[in-house]
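Data block below; observations after.
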Amino acid sequence: MKSDADRAIFSRPLKVDEIGDAASGEIAATEAEMTEIARLLDLIALDGLSFTYRIAQAGEGRLHMNGRLRAKVTQTCVLSLDPVAATLDVPVEVDFWPKRLLEAVEQSTEEPGSLLEWPEPIVNGTIDPGPVVYEMLATSLDPYPRREGASLEWSQQPPEADEGPRTGPFAALEALKRR
């Protein structure tokens, strides 16, 4: 039995032996999954998350999956803290390899990151595009969302001399300095 830490947030396991030469389909997140994903990714809202895909055999037990992730997200503006809505439409490509091939590549390469995109493992005859979709969503979000028209303008002008008496914790020190 998997613990909560081991359980995928968005899981849609597919049996490899049911795929055949090719397969296609669509997976969509439930309301509960979208609520949890929004919480984990610090989104105001996630109003839709779907993934349409095609899977093809790639030889030696490998599978190639390509598709499109579509999502409607609402993030927080980094300047004004207002909601910022966005629609994502992201192409996704991923390979799934049997563990024996992954282990062979790991042993034959000097650097683990020598493959441009490391394939996902086929585990117990299944693949799970769900975690890939979650990771693509997370990495496709704008890291600094800004509401249209929001800006951060700094004034480099010195304060006006005729502003009147200053108040605050350093006002007394400033008065002593002028003596």
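If you're matching positions, the sequence shown starts at 44 in the working numbering and goes up one per residue.
Every residue gets a Cβ at the ideal spot worked out from N, C-alpha and C, and that includes glycine.
Computed from a predicted model, the values in this text were never measured in an experiment.
Straight-line CA distance for D138 to E76? Here residue 138 refers to the residue found at position 95 of the sequence shown. Here residue 76 refers to the residue found at position 33 of the sequence shown. Rounded to whole angstroms, the separation of the alpha carbons of E76 and D138 is 24 Å.
What residues match up with V176 in a beta bridge as DSSP calls it? Position 133 of the sequence shown, counted from the start, is the residue given in the question as residue 176. None; V176 has no bridge partner.
Nearest to W32 by alpha carbon, out of V133, P212, F213, G168? For the chain, the structure presents residues 44 to 222; residue 32 sits outside this window and is missing.
C-alpha gap between E160 and E136, whole angstroms: Here residue 160 is taken as the residue at index 117 of the sequence shown, counted from 1. Here residue 136 is taken as the residue at index 93 of the sequence shown, counted from 1. When rounded, the distance between both Cα atoms is 10 Å.
Top-ranked residue by Cα proximity to P126, from D185, A214, K220: Along the sequence shown, read from residue 1 onward, the residue named residue 126 stands at position 83. Residue nearest to P126 within the set D185, A214, K220 is D185 (criterion: CA-CA distance).
Boundaries (first-last residue) of the beta strand (DSSP E) holding I62: Residue 62 sits at position 19 when you count from the first residue of the sequence shown. Element bounds for I62: n/a, residue is neither H nor E.
Tell me the rounded alpha-carbon separation between G91 and V148. In the sequence shown, counting from the first residue as 1, residue 91 sits at position 48. In the sequence shown, counting from the first residue as 1, residue 148 sits at position 105. Their backbone Cα atoms lie some 37 Å apart in a straight line.
Using a 10 Å radius around the Cβ and a threshold of 16 neighbouring Cβ atoms, would you call S46 buried or exposed? For the purposes of this step, residue 46 is taken as the residue at position 3 of the sequence shown. Unreliable placement is indicated for S46, whose pLDDT of 39 sits below 50; no coordinate value is reported for it.
In chain order, what residues of the same chain have a beta carbon less than 7 Å from the beta carbon of P162, not counting five sequence neighbours either side? In the sequence shown, residue 162 corresponds to position 119, counting from 1. The beta carbon of P162 sits closer than 7 Å to those of D138, F139, W140, L145, all from its chain and outside the five residues before and after it, given in chain order.
In whole angstroms, give me the CA-to-CA distance for E175 and E69. The residue you call residue 175 lines up with position 132 of the sequence shown. The residue you call residue 69 lines up with position 26 of the sequence shown. Glu is not the amino acid found at residue 175; the sequence shown has Val there. Taking the straight line joining both Cα atoms gives about 14 Å.
Helix, strand or coil: which one does DSSP assign to S123? Mapped onto the sequence shown, residue 123 falls at position 80. Looking at S123 - three-state DSSP - the assignment turns out to be coil, as it is neither helix nor strand.
Taking all protein chains shown into account, decide if F213 is buried (16 or more other Cβ within 10 angstroms of its Cβ) or exposed. Along the sequence shown, one-based indexing puts residue 213 at 170. When all chains shown are included, F213 counts as exposed.
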